[in-house]
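A short worksheet on the structure shown next.
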Amino acid sequence: MRRSHQLVVCLAALALPLCVGACEGPRERTEEPPGASVPASPSGASGASAAEPAALAGPHDPTTAGSRCERLEQERGALNLGTPLRARVDAFPSAARAWLERESPPRPAAEALERLLVQPTDVDALAALHAHASAFEAHPRLLVDATLATLTAVRPREGDTNANVLELLARARAWLPGEPSLPWIEALLVPERGGRRALLAEAFAAGERDPALVFALARAAMRDGDSRTTLDLLGSMPSAPASADAVSGTAAVGVALSELALATEAARAAMRSTEQGGIRAWAPPSLPAAVLDALAQAVRSDLNEASALLGGPARPELVVWVHPSLDDLRAATCGASWSQALYDGVLHVVLAGPPLDAALRQSVRHEALHAQLDWLAPLAPRWLQEGLAQRFAREPVVSPAEGAYVNEQDDLAAIEAALRPGVTGARAGAAYAAARRVVDGMVAEGGERALAAAVEALRRGLSPASVVADPTAPPT
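Numbering (this note's numbering), first residue to last: 2 to 477.
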């Protein structure tokens, strides 16, 4: 991904929109953390419209599915995950000054707080505050908000990694064990590392019940195909107050999402399922159980193989949804599809009956790569997603003589733009071929370890373009 994926994080202007689910691989940043807004960096891949849980609905009903997709899109912006924390960070300086004027804290605590107000990135001052945590016993939230403010201010410079942010997050967890705002802000500050649902679930388990967090967690669960958890979370969600973040025309936050989860539960009641190594596969009862088992086992094998290629552990769980026709797949994923499989958080497969032929297996391998990379590095750019997926699925190289391996930023930007949703025809086809050539070129120059290096660069907050430029060098 281009350097625009590096986080711009400061006390007065922090812009880290988060993903809420994307189709076919990498996710769009669509929510803000504490701070002012800047344009989001597109990072999705081709496929159905990005940033929505799939409209799983059982039998094909384009009218119902279309309406649900529209309402899910409208509901998406109803609550911004970053707004509550942004309010706390923005309020911290005035609250801290008022506390200093009102109280008579020990001099070391007062001096540390004054230093932090002058320089929000002063981690030593924050550490000194925590060394005198007893001074804040009557006002523990002030100490927490000081930590949140410093976390949002410690941003990497151009070309640097997110190591400082990760180090401070680790220290903050030691200072404030069990504090629910820490996994919440971690999900906002380092989305490139994945684990968003787990972090939000950690905050929820620690007692956080802010409507924005609960709604984001419910959406993350639905993106993973976990309709039961989605319904439980929506049932626990406090009423959201009217605010500027509310979407006009949305009667109540979560209505469309709840309908989707209920429809998914109803559809599954009439389906058969199997679980193989963390792969939960659902299919119409007409599909033989042995075929469904074989499909789930194949997906597990593909994820394991993809993890070995990309580095990092294999994705532990994934939902697979078998559709009897392409129309059903399109209705379930809020958009058109031209292949037998698609990944949008759930791996969708069109399979009317046995066998699992070579074409289907190739499509499933392609989407399994998307699923594994999405789990490891959800902000991976489209060119990396699609180039890797084609190579992993052993798809034929299209027009290999059209161009050589490219390593210039402008080349990657052009490929990325041509792989965005809505781009079709010759331009999209040429971009897919170019993405494959980039990835194949990385391997030709740096070996397959260059692919894992690109993923590691993404997880460190860097651009995989740096690995393209020199695939023999490890990320710094």
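Even for Gly, the Cβ is constructed at its ideal location relative to N, Cα and C.
Taking all protein chains shown into account, decide if residue i is buried (16 or more other Cβ within 10 angstroms of its Cβ) or exposed.
i           : result
residue 275 : buried
residue 225 : buried
residue 105 : exposed
residue 403 : Here residue 403 scores only 47 on pLDDT, less than 50, and its place in the model should not be relied on; the value that follows carries that caveat. Exposed: under 16 other Cβ atoms inside 10 Å.
residue 195 : buried
residue 120 : exposed
residue 203 : buried
residue 375 : buried
Are the CB atoms of residue j and residue i within a distance shorter than 7 Å?
i           : j           : result
residue 235 : residue 259 : yes
residue 79  : residue 254 : yes
residue 378 : residue 364 : no
residue 201 : residue 217 : yes
residue 310 : residue 452 : yes
residue 150 : residue 118 : no
residue 462 : residue 162 : yes
residue 73  : residue 257 : yes
residue 468 : residue 455 : yes
residue 190 : residue 166 : yes
residue 268 : residue 370 : no
residue 419 : residue 428 : yes
residue 333 : residue 367 : no
Using a Cβ-Cβ cutoff of less than 7 Å, which residues in the same chain neighbour residue i once the five nearest sequence positions on both sides are dropped?
i           : result
residue 388 : 436, 437, 439, 440
residue 107 : 133, 136
residue 262 : 223, 228, 231, 232
residue 372 : 304, 316, 319, 344, 348
residue 100 : 140, 143
residue 289 : 355
residue 145 : 177, 180, 182
residue 213 : 80, 81, 82, 84, 85
residue 459 : 2, 193, 378, 380, 381, 465
residue 94  : 118
Starting from the C-beta of residue i, find all residues in its chain whose C-beta is less than 8 Å away, skip the five residues before and the five after it, and write them out in chain order.
i           : result
residue 339 : none
residue 399 : 430, 433, 434, 437
Under three-state DSSP, which class holds residue i?
i           : result
residue 277 : strand
residue 185 : helix
residue 371 : helix
residue 283 : strand
residue 190 : helix
residue 155 : coil
residue 351 : strand
residue 461 : coil
residue 12  : Confidence at residue 12 is low in this model, with a pLDDT of 25, below 50, so the placement of that residue should be treated as unreliable; the coordinate-derived value is given next. Note: residue 12 maps to coil in three-state DSSP.
residue 396 : coil
residue 238 : coil
residue 424 : coil
residue 467 : helix
residue 380 : coil
residue 142 : helix
residue 413 : helix
residue 70  : helix
residue 315 : coil
residue 230 : helix
residue 161 : coil
residue 209 : coil
How far does the alpha helix (DSSP H) with residue i in it extend, from its first residue to its last?
i           : result
residue 100 : 84-103
residue 131 : 124-132
residue 300 : 290-311
residue 175 : 164-176
residue 223 : 212-224
residue 265 : 256-270
residue 357 : Unbroken run through residue 357: none, as it is neither H nor E.
residue 112 : 108-119
residue 203 : 197-206
residue 330 : 327-333
Span of the beta strand (DSSP E) holding residue i?
i           : result
residue 342 : 342-344
residue 321 : 319-324
Can you name, in chain order, every residue of its own chain whose Cβ lies under 6 Å from the Cβ of residue i, other than the five neighbours on each side?
i           : result
residue 352 : 323
residue 126 : 113, 116, 117
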